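Peer 1: Residue numbers (our numbering), protein chains in the order written: chain Y, 447 to 691; chain R, 889 to 1174.
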């Protein structure tokens, strides 16, 4: 399997608080990797440093043989190779749903409006939101907004899809549809790195799981194995508290 | 408001009785409101026409014949006000946005630009417009030693003053856009400039539409101040007619024209503000 993304010795502090204290891992083509861990363990920060939204203090981020943490790379072009969905407030409220989905294609990748919109409608149709294409995001439910944000992120065929706890701000009833879409994308071979608190989902969909605690990867392994037999004490503790609710 | 049920059982007797009561109440309050408005108007009218100088004032401020005679020149001048306003609005939009943009720049490299923009808005929000008009109107021609028409100089002075106000309003709007919007745009690969143009500014301006339109209303009437430079606008035209007839009615004619110009914008501002408030209460960001 080809490695798409490799992170080496990644460190990041905010002031005196060390958030990431040496992270190493690889992401292969078509692989789905779940990042789990307590709040404040550095999951979101890790995702943001990977697509260069946060500058790093040390280490390297390699995207297909190129060191993208090198200050000489074009940051905007590199970011466009990733698709990102955040926890909330993803869509631009002043644009229609279709314009949201096609914005990056049109403005960053230079795709003509007609072509971008045809593709956008196809994606919206797929998530059952074609009828809402010309509406503004405030007319959509939270779950519909998140699904629209996901198709916006994949509209430009990114090399890696980064998902940052995309269901944690949602009404529990709306989580299912969003996860279903991610499951479909994973089945189609999208390379995904996702921070999540949905343990059952991570176990079913992810190929591998990284357990992050205190800014380091404490344990990693195939999803089913790690959930069934966590080796480290802190992983066991985390999973026990989670299953206890 | 009575909810409209498409289906379901017909309203119960209790509900029907409540609705009848509410209807009676609202009819009553409309009647009381109308009666008190009429009573107030009558009292004011009686007071005014019984003041000792009313006959004199009526003659020198509200003389219909003078109004008709003065109207052509005042209206002619008013067209100049409208032309100046049109150019000034465009100028203010461009300069104001640019200043707001400069004030939001971060990083030590941009300190001089940022400081300059801050100093500009501080100074021109502080100086009375009439002084700016004199400085520009008599300063620039003296400085360049050329003849520039009064209209152009007046427009420049208006742009200088009002862009300082508008820049502050837009800057507040930019600061009010949630940082996640900026981050979302950068994550898509948009450049800093694209993010500002396509994501941040449209939201900032939408959010600030009421104060921006308020500044527009203020500018509509301040256009009348260009008359101090000698441009024959509505105010200057009224002044000339006043001198001719020895009667102040032409000023009232000009005032009415300015009010007629302002009312649509004021109503529109109310409507936009109300819509924005409704949408914000519904939970939309903008």
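Don't be surprised by glycine CBs; every beta carbon is placed ideally from N, CA and C. Note that the structure is a prediction, hence the values are computed from the model and not measured.
(1) List the residues of chain R whose Cβ lies closer than 8 Å to the Cβ of residue 594/Y, in chain order.
(2) Starting from residue 645/Y, trace the alpha helix (DSSP H) in both directions and tell me its first and last residue.
(3) Do three or more CB pairs link the stretch 572 to 592 of chain Y to the stretch 636 to 653 of chain Y at distances below 8 Å?
(4) If you reduce the DSSP assignment to three classes, tell me which class residue 640/Y lands in.
(5) Are three or more beta carbon pairs between the stretch 563 to 582 of chain Y and the stretch 515 to 526 of chain Y nearer than 8 Å?
(6) Residue 489/Y CB to nearest chain R CB: under 8 Å?
(7) Locate the alpha helix (DSSP H) running through residue 458/Y, then write down its first and last residues.
(8) For chain Y, find out if any of its Cβ atoms is closer than 8 Å to the Cβ of residue 993/R; answer yes or no.
(9) Looking only at DSSP bridge pairs, what is residue 666/Y linked to?
(10) According to DSSP, simplified to helix, strand and coil, what is residue 981/R?
(11) With a 10 Å radius around its C-beta and 16 neighbouring C-beta atoms as the bar for buried, classify residue 684/Y as buried or exposed.
(12) Have a look at 606/Y, 651/Y, 668/Y and 605/Y and flag the residue whose alpha-carbon is nearest the alpha-carbon of residue 626/Y.
(13) Would residue 499/Y pass as an interface residue toward chain R - the criterion being a Cβ-Cβ separation below 8 Å?
(14) DSSP puts residue 1100/R in a beta bridge; with which residues?
(15) Closer than 7 Å, Cβ to any Cβ of chain R: which residues of the stretch 524 to 550 of chain Y, in chain order?
(16) Are the C-beta atoms of residue 1107/R and some chain Y residue less than 8 Å apart?
(17) Less than 8 Å between the C-beta atoms of residue 1020/R and residue 1049/R, yes or no?
(18) My assumption, with CB atoms under 8 Å, is that residue 1138/R sits in contact with residue 962/R. Please give the rounded CB distance.
(19) In terms of residues, what are the limits of the beta strand (DSSP E) holding residue 528/Y?
(20) Apart from the five residues on each side of it in sequence, which residues of its chain come closer than 7 Å, Cβ to Cβ, to residue 1044/R?
(21) For a contact defined as C-beta to C-beta under 8 Å, what are the partners of residue 1051/R on chain Y?
(22) For a contact meaning CB atoms closer than 9 Å, what does residue 650/Y contact in chain R?
(23) Which residues in chain R sit within 7 Å of residue 553/Y, going by Cβ to Cβ distance?
(24) Counting only the same chain and skipping the five closest in sequence on each side, list residues whose C-beta sits under 7 Å from that of residue 1175/R.
(25) Taking residue 902/R as part of the alpha helix (DSSP H), name the residues at either end of that continuous run.
(26) On the DSSP letters alone, give me the boundaries of the alpha helix (DSSP H) that residue 596/Y sits inside.
(27) Cutting at 7 Å between CB atoms, please list the residues of its own chain near residue 1141/R, excluding the five before and the five after it.
(28) Return the bridge partner residues of residue 471/Y from the DSSP annotation.
(29) From residue 1036/R to residue 1028/R, what distance separates their C-alpha atoms?
(30) Does the CB of residue 516/Y have a neighbour CB from chain R at under 8 Å?
(31) Short of 6 Å in beta carbon distance, which residues of its chain neighbour residue 1065/R, apart from the five on each side in sequence? Order them along the chain.
(32) Exposed or buried, what is residue 545/Y when buried is set at 16 or more other beta-carbons lying within 10 Å of its beta-carbon?
(33) Using 8 Å as the threshold, is the C-beta distance between residue 600/Y and residue 510/Y below it?
(34) Between residue 692/Y and residue 583/Y, is the Cβ-Cβ spacing less than 8 Å?
(35) Mind listing the chain R neighbours of residue 522/Y? Cutoff is C-beta to C-beta under 9 Å, in chain order.
(36) Here's the rule: buried if 16 or more other CB atoms are within 10 angstroms of the residue's CB, otherwise exposed. What is residue 972/R?
Peer 2: Concretely, from the data shown:
(1) Within chain R, no residue comes near residue 594/Y; the closest Cβ sits about 12 Å away, beyond 8 Å.
(2) 645 to 651
(3) no
(4) strand
(5) no
(6) no
(7) First-last for residue 458/Y: 449 to 460, but that is the beta strand (DSSP E), not the alpha helix (DSSP H).
(8) no
(9) 656/Y
(10) helix
(11) buried
(12) 651/Y
(13) yes
(14) Per DSSP, none; premise fails for residue 1100/R.
(15) 525, 526, 530, 532, 535, 536, 538, 539, 540, 549 and 550
(16) no
(17) yes
(18) 6 Å
(19) 528 to 531
(20) 1024
(21) Residues of chain Y passing the Cβ test: none, with the nearest at roughly 24 Å.
(22) Correct list: empty, because the minimum Cβ distance to chain R is about 27 Å.
(23) 1078, 1082 and 1086
(24) No information on residue 1175/R is available, as it lies outside the stretch 889 to 1174 that chain R covers here.
(25) 901 to 937
(26) 588 to 600
(27) 955, 958, 959, 962 and 1126
(28) 453/Y
(29) 9 Å
(30) no
(31) 1088, 1091 and 1092
(32) buried
(33) no
(34) Examination of residue 692/Y is not possible in this model, given that chain Y is present from 447 through 691 alone.
(35) 1074, 1077, 1078, 1079, 1080 and 1082
(36) buried
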